[in-house]
Amino acid sequence: MEWFVIAHCNSCDEEITLEVESDVPPYEMGDLIDECPCGGKFVVDEIREMD
Ligand SMILES: [Zn+2]
193 MEWFVIAHCN
203 SCDEEITLEV
213 ESDVPPYEMG
223 DLIDECPCGG
233 KFVVDEIREM
243 D
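Numbering (this note's numbering), first residue to last: 193 to 243.
In structure tokens:
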């Protein structure tokens, strides 16, 4: 399955999107997945299964 993940920085609100190939959901809502150049963290706020 392929998953479309959207995350926002918890400091500057920058958005990133990821496409992840995985048999199970790769993240949960609220997971911290990366660091933003501003010093904040990207927090997962949407996970969508792609066809
Ligand atoms: Zn940021």
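The beta-carbon is built from N, C-alpha and C at its ideal position, and this holds for glycine as well.
All figures in this text were calculated on a predicted structure; none of them were measured in a lab.
Opposing strand residues paired with I239 [DSSP bridges]: Translated into the one-based positions of the sequence shown, residue 239 becomes position 47. According to DSSP, I239 bridges with V197.
Beta-ladder partner(s) of V212, from DSSP: For the purposes of this step, residue 212 is taken as residue 20 along the sequence shown, with counting starting at 1. Beta-bridge pairing links V212 to W195.
Any non-hydrogen atom of ligand 1 closer than 7 Å to E206 Cβ: Taking the sequence shown and counting its residues from 1, the one referred to as residue 206 is at position 14. Yes.
M242 versus W195: straight-line alpha-carbon distance, rounded: As a first step, residue 242 is located in the sequence shown; it is residue number 50 there, counting from the start. As a first step, residue 195 is located in the sequence shown; it is residue number 3 there, counting from the start. Going from the Cα of M242 to the Cα of W195 covers about 6 Å.
Closest residue to V212 among D237, M221, V197 (Cα-Cα distance): Here residue 212 refers to the residue found at position 20 when the sequence shown is read from its first residue. Among D237, M221, V197, the Cα nearest to that of V212 is on V197.
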